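What follows is one structure encoded as structure tokens, with my remarks underneath.
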Amino acid sequence: MIDTPTLGRRQFLGAGTGLTLAFLLPGRAAEAAPAGTAVNTWLTIGSDERITLTIGSSDMGQGANAGLAQVLCEDLMVDPTRVQMVQGGPTLASPAPVGSAINTVGSGVTRNNFWRLRDAGAIAREMLVSAAMAQIGDASRSNYSVSNGVIHHAPSGATRSYGQVAAAAALLTPPASAPLVPDSQFRCIGKTFPRQDIPAKVDGSAIYGLDVRVPNMVYAVIRHCPSFGGTLAATPAVPAGAIAVVPTQVVAGTGRGLEAVGNTNAVAVVGTNTWDAWQAAKRLAVNWKLPANAAALNSTQFLADAQALLGSATPYAAGAANPPGTLYTVERSTADAAAAIATSAKVVEATYSLPYVAHACMEVLNCTVDYVAGTRCEVWAPTQSARGALTLVMALTGLAANQVTIHTMKLGGGLGRKAEQDFIAQAVQVGMALQRPVKLMWPREEDFAHDQYRPMALVRARAGLDANGHVAGWAYRNVSPSILGQRGVPLGATGDSQGSEGSHALPYSFGARLTEWVSHTAPVPVGFWRSVGASINTFAVESMIDELALAAGQDPFQFRRARLTNPRWIAVLEAAAQAAGWGSPSPAGTARGIAIGTAFNTIVAQVVEVSKTSAGPRVNRVWVAVDSYLVVSPGSVEAQIVGGVVHAINATLYGRQTFVNGAAQVKNFNASRMMRLQEMPPVSVVLMPAPAAADRTVPIGGIGELGVPTFAPAMANAWARLTGTRVRTLPFYPAATMGD
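Heads up: the sequence shown begins at 10 in our numbering, then just goes up one per residue.
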């Protein structure tokens with residue numbers, strides 16, 4: 010069995026003499042909770058000089074854990090390389106004990122926890138200093154300083170290491186607060202340190218979900234009904250050489266769209282090894298009952314329905330059912346946008362279309378379960394939401410929280426897909442049926458064909474320019490399926506925030522404005538995909554801004570610059586333009602496009618340079634300017650932005666999923682082109698300077714998703730400048746395969 014580093018509360022507190030400090034680190038859902046309602050991260054400093062931070066965020070390769078260690082170490086005044094990170098597990102307790110899991114979503118791990126980690130480091134430092142003061146006998150705090158975990162007493166020259174005073178510090182009452190290191194004296198925050206997680210990932214010793222092995226384990230491979238909403242007509246016979254065929258249901262909390270709770274929509278074929286189970290699953294003859302409306306579940310119909318909803322939709326009514334097809338007003342100015350556009354000197358209108366897109370994580374969905382009826386259930390899962398997994402397992406098994414153990418494994422890509430619980434629910438059902446350890450895996454074809462996709466969208470933007478080229482009126486309507494609605498979240502008067510993000514509260518001087526969102530009726534399961542709604546709306550908004558600049562006869566950068574009203578946006582736009590040499594001629598046969606947007610409190614501008622090949626556009630170079638207010642680790646930020654650009658290139662050029670009779674048509678990478686290594690353009694990242702003194706009241710920005718939203722419009726804008734052809738429908742190459 011794999012030795013995972015999760016510690017129980019008694020083990021943790023009894024591990025040895027030293028200082029253990031609990032402090033609040035809420036996940037995104039707890040941001041608005043009163044301080045002190047949950048304790049889910051622990052810091053321990055042992056008498057053996059070991060410093061351990063137990064944190065519950067998932068490791069998706071984003072470097073967040075290393076960044077949290079840097080934040081802690083700034084005020085703890087130790088080198089980040091001294092801190093050992095321990096993976097925490099979930100809990101339902103409040104206040105929660107050791108290292109409870111933090112949902113790893115919304116680029117939120119660092120931005121949500123920055124100030125609390127700083128406070129925790131400072132409080133721990135002052136407790137240790139107080140213990141040293143008692144030992145040395147001088148009560149004047151000004152006579153002491155700290156350097157890399159060693160407390161120095163200036164008058165006598167005496168020193169105490171953290172380990173030497175940790176046991177005594179553990180007996181003290183933590184102060185409510187402690188002074189933080191001034192920004193001008195930072196030694197950790199804003200610096201790039203080697204990440205301790207990288208060597209194991211390079212040499213192959215890191216353990217991901219797929220690597221888990223448990224004694225006496227068998228292997229299961231899932232096979233779903235090809236069409237969403239289909240159900241199992243009859244359980245097939247166990248194939249020769251297989252161990253079992255186990256039907257699995259859609260359970261409460263995992264139903265999305267047509268995949269309704271209670272539907273038996275899949276079977277798991279169990280064998281002694283993955284290969285045999287996989288081959289048996291592929292050969293298995295299964296009778297499925299398709300939904301009655303299967304013929305209407307196709308991409309052509311979805312687009313036609315969206316076009317109809319662009320023209321007419323039933324307005325939201327407070328207290329009414331407001332089913333899919335409802336029109337929500339996201340923002341409306343006092344002045345009437347339609348009237349302002351109608352009286353404008355020039356009117357520009359455009360419709361932008363984006364497809365469903367799969368997550369396509371490199372590590373397919375998998376989960377290992379060891380279930381003993383009435384006694385315990387142990388789960389190893391690459392999950393972004395370990396607390397959700399705990400709740401789910403308890404509901405399925407009837408076990409108490411203390412009978413369930415969730416091991417959060419490293420993720421070979423998450424991108425929002427592994428925040429879902431469907432694959433974990435299936436694995437638990439199979440484990441309960443077999444009464445022995447089992448690893449369940451989704452083959453790549455199941456991963457592509459039964460995803461919870463980024464929603465399709467059809468967006469209409471309409472704007473009017475006055476005689477001076479100013480935007481007199483702006484009207485914007487997005488029609489897309491509701492991510493939150495499929496999860497049972499009641500939608501208020503402004504609709505689904507995931508559908509409208511990136512389209513409203515824009516700091517452009519638009520005159521009159523109207524922003525609307527319509528919930529599409531398509532029942533295909535949709536979910537959180539890297540940058541979510543911002544990847545849709547920023548494409549439409551920033552493409553339209555370029556079209557307005559062309560209509561006004563103005564340079565796209567200057568057009569934006571003159572109409573932006575937020576100084577931070579202006580600075581980011583200028584930084585990207587300056588980095589790219591905007592205003593100077595681009596190389597012969599090339600053109601550059603620019604776009605700016607925001608998500609998760611971070612402002613990003615991109616300039617993309619393209620050229621024309623016989624097949625179409627080629628991305629030559631990308632420049633990105635980023636303002637997240639604070640940067641903990643510049644190296645990690647740059648890596649995440651570059652990774653986001655790669656993700657965006659693939660989606661912009663190739664990403665799409667289509668449907669016929671409710672069945673996904675793109676089922677593997679062979680039909681879903683990804684860029685090759687030699688096609689990767691240079692990416693230059695400019696990080697905006699941090700403030701001289703950070704203000705707690707200013708929201709810190711996230712990073713992990715921010716390389717994505719502005720790429721597509723910047724590329725489309727560059728292509729339009731180069732060729733005169735405006736691409737309003739993504740992807741650029743809808744039929745591309747890996748054979749191209």
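From the three backbone atoms N, C-alpha and C, an ideal C-beta is built for every residue, glycine too. From a predicted model like this one, the values you see are computed outputs, not experimental measurements.
Notebook entry, point to check: Do the region 216 to 228 and the region 378 to 392 make contact, defined as three or more Cβ pairs closer than 8 angstroms?
Noted result: With a cut-off of 8 angstroms, the region 378 to 392 and the region 216 to 228 count as touching, because enough Cβ pairs lie within range.
Next item on the list: Report the residue from G262, A580, K621 whose alpha carbon sits nearest the alpha carbon of I605.
Entry: Of the candidates G262, A580, K621, the one whose C-alpha sits nearest the C-alpha of I605 is A580.
Note to self: Less than 7 angstroms between C-beta atoms, sequence neighbours within five positions excluded: which residues of the same chain meet that for P324?
What the structure shows: The residues are L336.
Notebook entry, point to check: On the three-state DSSP scale, how would you describe A744?
Noted result: The answer is coil: DSSP assigns A744 none of H, G, I, E or B.
Checklist line | CA-to-CA distance, Q495 to A269, given in whole angstroms | finding: Each residue's Cα considered, the two are about 10 angstroms apart.
Next item on the list: Mark V654 as exposed unless 16 or more other C-beta atoms lie within 10 angstroms of its C-beta, in which case mark it buried.
Entry: Buried: at least 16 other Cβ atoms inside 10 Å.
Notebook entry, point to check: Beta carbon of M794, beta carbon of T406: below 8 angstroms?
Noted result: The displayed coordinates of the chain run from 10 to 749. Any statement about residue 794 would go beyond what the structure contains.
Checklist line | Nonlocal neighbours in the same chain, by C-beta distance under 6 angstroms from T13, ignoring five residues either side | finding: Reliability fails at T13, whose pLDDT of 40 lies under 50, so the model's placement of it is uncertain and the value that follows must be treated cautiously. For T13, the CB contacts under 6 angstroms within the same chain, skipping 5 residues up- and downstream, are H416 in chain order.
Next item on the list: Starting from the C-beta of F568, find all residues in its chain whose C-beta is less than 6 angstroms away, skip the five residues before and the five after it, and write them out in chain order.
Entry: Correct list, in chain order: A558.
Check: Under three-state DSSP, which class holds E340?
Finding: Strand.
Next item on the list: Quick one: using the 10 Å Cβ neighbour count with 16 as the cut-off for buried, is L137 buried or exposed?
Entry: By the C-beta density criterion, L137 is buried, having at least 16 other C-beta atoms within 10 angstroms.
Check: So Q430 is in the alpha helix (DSSP H); what residue range does that whole segment cover?
Finding: Here Q430 belongs to no alpha helix (DSSP H), and DSSP marks it neither H nor E.
Next item on the list: Just confirm the distance between the C-beta atoms of L85 and G130, as a whole number of angstroms; I'd bet it's less than 8 angstroms.
Entry: Contact between L85 and G130 holds, since their C-beta atoms are separated by about 4 angstroms, short of 8 angstroms.
Next item on the list: Between the Cα of A531 and those of G65, P191, I231, A305, spot the shortest distance and give me the residue it belongs to.
Entry: Nearest in C-alpha terms to A531, of all of G65, P191, I231, A305, is A305.
Next item on the list: Leaving aside the five residues before and after L322 along the sequence, list all residues of the same chain whose C-beta is less than 7 angstroms from its C-beta, in chain order.
Entry: According to the sequence shown, residue 322 is Ala rather than Leu. For A322, where only same-chain residues beyond five positions count, the Cβ hits under 7 angstroms are G334, T335, L336, V527.
Next item on the list: Please report the residue range of the beta strand (DSSP E) in which D379 lies.
Entry: Boundaries of the beta strand (DSSP E) around D379: 375 to 381.
Notebook entry, point to check: Rounded to a whole number of angstroms, what is the C-alpha to C-alpha distance between N152 and L189?
Noted result: Between the alpha carbons of N152 and L189 lies a distance of about 18 angstroms.
Check: Is E135 helix, strand or coil when you go by DSSP?
Finding: DSSP places E135 in helix when its eight states are reduced to three.
Margin query: Run through the DSSP bridge pairs and tell me what F668 is partnered with.
Written below: In the DSSP assignment, F668 is bridged to A673.
Next item on the list: Express the C-alpha separation of A702 and L126 in angstroms, rounding to a whole number.
Entry: L126 and A702 have their C-alpha atoms roughly 17 angstroms apart.
Next item on the list: Keeping to the same chain, check which residues put their C-beta closer than 6 angstroms to that of N157; ignore five residues upstream and five downstream.
Entry: Non-local beta-carbon contacts of N157 in its own chain, meaning distances under 6 angstroms to residues more than five positions away in sequence, involve V87, D88 in chain order.
Notebook entry, point to check: Would you say the region 499 to 512 touches the region 618 to 634, given that touching needs at least three Cβ pairs under 8 angstroms?
Noted result: With a cut-off of 8 angstroms, the region 618 to 634 and the region 499 to 512 do not count as touching, because too few Cβ pairs lie within range.
Checklist line | Three-state secondary structure assigned by DSSP to E268 | finding: Strand.
Notebook entry, point to check: For K291, is the classification buried or exposed, using 16 other Cβ atoms within 10 angstroms of its Cβ as the cut-off for buried?
Noted result: K291 comes out exposed.
Notebook entry, point to check: Is it the case that the Cβ atoms of N274 and E454 are separated by a distance below 8 angstroms?
Noted result: No, they are not a contact pair.
Note to self: I'd like the span of the alpha helix (DSSP H) that includes C82, first residue to last.
What the structure shows: Counting along the chain, the alpha helix (DSSP H) containing C82 begins and ends at 73 to 85.
Next item on the list: Mind listing, in chain order, the continuous alpha helix (DSSP H) runs of no fewer than 4 residues lying wholly within the region 411 to 465?
Entry: Taken in chain order, the whole alpha helix (DSSP H) runs of length 4 or more contained in the region 411 to 465 are 431 to 443, 453 to 458.
Check: Among the residues of its own chain, which have a CB less than 8 angstroms from the CB of P191, if the five just before and after it don't count?
Finding: The residues are A702.
Next item on the list: With a 10 Å radius around its C-beta and 16 neighbouring C-beta atoms as the bar for buried, classify R486 as buried or exposed.
Entry: Classification of R486: buried, given that the 10 Å Cβ count is 16 or more.
Notebook entry, point to check: Among G562, L582, E83, which residue has its Cα nearest to the Cα of R570?
Noted result: Measuring from the Cα of R570, the nearest candidate turns out to be L582.
Note to self: Please state whether the Cβ-Cβ distance between A175 and S67 is less than 8 angstroms.
What the structure shows: With respect to S67, A175 sits apart: the two C-beta atoms are not nearer than 8 angstroms.
Next item on the list: Please name the residue, chosen from T607, A585, E618, G590, that lies closest to A600 on a Cα-to-Cα basis.
Entry: With distances taken between Cα atoms, A600 lies closest to E618.
Next item on the list: Please list the segments of the beta strand (DSSP E) lying wholly inside the region 266 to 303, counting only runs of 3 or more residues, in order along the chain.
Entry: As far as the region 266 to 303 is concerned, its whole beta strand (DSSP E) runs of at least 3 residues are 273 to 280, 296 to 298.
Check: Can you tell me whether DSSP reads V616 as helix, strand or coil?
Finding: Strand, per DSSP.
Margin query: Taking the straight line between their C-alpha atoms, what separation do you get for T414 and P164?
Written below: Approximately 52 angstroms between the Cα atoms of the pair.
Next item on the list: State the Cα-Cα distance for the pair A549 and A725, rounded to the nearest angstrom.
Entry: Roughly 10 angstroms between the two C-alpha positions.
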